[in-house]
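To keep things clear, I will list the structure first and then write my remarks on it.
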Amino acid sequence: MDATVQLLKNLTEAHGVPGYESPVGEVVRKYFEPLGEISKDGIGSLICRKDGSAKNPRVMLAGHMDEIGFMVKQVT
């Protein structure tokens, strides 16, 4: 399976409702660990830092790990 497709599959299969994003964080951590230094802040955000040369522009990528969670109470 293509690496991008596998990553998307792993991300979409990991549960990540607000407040319980740890399974998604584990997928993200596994993917980014080979790329840089991983740290976690006080509210659970993952930060991956990779130092580069000073002459190149800096880049920041940001995203959400949580997903919308619903509970079905009745089906009519």
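The sequence shown begins at 5 in our numbering and counts up one residue at a time.
Note that the Cβ used here is the ideal one computed from N, Cα and C, for glycine as well.
Checklist line | Bridge partners - E41, DSSP secondary structure assignment | finding: Bridge partners of E41: R53.
Check: Could you give the residue range of the alpha helix (DSSP H) that holds E17?
Finding: In this chain, the alpha helix (DSSP H) harbouring E17 covers 7 to 17.
Note to self: Considering only their Cβ atoms, is the gap separating G20 from V9 smaller than 8 Å?
What the structure shows: No. Outside cutoff.
Item checked: Alpha-carbon to alpha-carbon, R53 and P61 -> Between P61 and R53, the C-alpha separation is close to 14 Å.
Notebook entry, point to check: Is the CB-CB distance between D55 and P22 below 8 Å?
Noted result: For D55 and P22, no; Cβs fall outside 8 Å.
Next item on the list: Count the other C-beta atoms from every protein chain shown that fall within 10 angstroms of the C-beta of E41, then say buried if there are 16 or more, exposed otherwise.
Entry: Counting Cβ neighbours within 10 Å, E41 comes out exposed, since fewer than 16 surround it.
Note to self: Please report the straight-line C-alpha distance between R33 and K59, rounded to a whole angstrom.
What the structure shows: Cα to Cα, the separation comes out at about 28 Å.
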